[in-house]
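Here the structure comes first, spelled out in structure tokens, and everything after it is commentary.
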Amino acid sequence: MGFETIDGNFKIIGRTKEQFKTAKGKYVAPIPIESLLGHNPDIEQVCVFGQGRKQPIALVVMNSQNKQSNASITQSLLSTLQETNSKLESHQVLDHLIILKDSWTVENDLLTPTLKIKRTEIEASFQHYLTEPLLEKIIWES
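Counting from 4, one number per residue, gives the positions in the sequence shown under my numbering.
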């Protein structure tokens, strides 16, 4: 999946199979959004999903080297969320960032041997975030 840029080059933005459709009937390509979130050095891993939701959400694993308080990290993430959302079309705007406790690894079957995220497995593992009401913009997994 990609598009032609103004200068005539072709830019690839992801695989068609990675797209999902929101409740509004719009398709979202998660990789460009994940790339924007990845500019925050505190974020180690990220997966955007939202099949059937009004707006997408992002699951985030924080950098384990970060020793800041949760309040400080929350402020940083809110800033990143606002900056990211300002660059997205309305149907792509993230509703929430969910901060997970555990990293995704090959051992827990959430990464491939080449360290790519397994979207289907991650989405299945955290499916409850698609169905339960989420009240805060930044949610820490309990």
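All C-beta atoms, glycine included, are put in the ideal place defined by N, C-alpha and C.
Cβ-based burial, residue i [other Cβ within 10 Å; buried from 16]
{"i": "Q85", "result": "exposed"}
{"i": "L138", "result": "exposed"}
{"i": "N43", "result": "buried"}
{"i": "Q95", "result": "buried"}
{"i": "V109", "result": "exposed"}
{"i": "E92", "result": "exposed"}
Beta-carbon spacing of residue i, residue j below 8 Å
{"i": "N66", "j": "I46", "result": "yes"}
{"i": "T83", "j": "L113", "result": "no"}
{"i": "Q1", "j": "V64", "result": "Nothing can be reported for residue 1, as the shown portion of the chain is limited to 4 through 145."}
{"i": "T87", "j": "I36", "result": "yes"}
{"i": "L81", "j": "K140", "result": "yes"}
{"i": "A32", "j": "R56", "result": "no"}
Residue nearest to residue i in terms of C-alpha spacing, selected from the options
{"i": "K29", "options": "S82, S106 and F52", "result": "F52"}
{"i": "I120", "options": "K27, C50 and V31", "result": "C50"}
{"i": "E144", "options": "A127, I125, I101 and E124", "result": "I101"}
{"i": "H99", "options": "I142, E21, W107 and K90", "result": "I142"}
{"i": "N73", "options": "S38, T115, A127 and K104", "result": "K104"}
{"i": "F129", "options": "E21, S38 and Q54", "result": "Q54"}
Under the three-state DSSP convention, the category residue i falls into
{"i": "A74", "result": "helix"}
{"i": "E86", "result": "helix"}
{"i": "L114", "result": "strand"}
{"i": "E124", "result": "helix"}
{"i": "E47", "result": "strand"}
{"i": "V63", "result": "strand"}
{"i": "L97", "result": "coil"}
{"i": "L138", "result": "coil"}
{"i": "L103", "result": "strand"}
- Cβ contact check for the region 58 to 76 and the region 116 to 135: 3 or more pairs under 8 Å: Here the region 58 to 76 makes contact with the region 116 to 135; the two share three or more CB pairs at distances below 8 Å.
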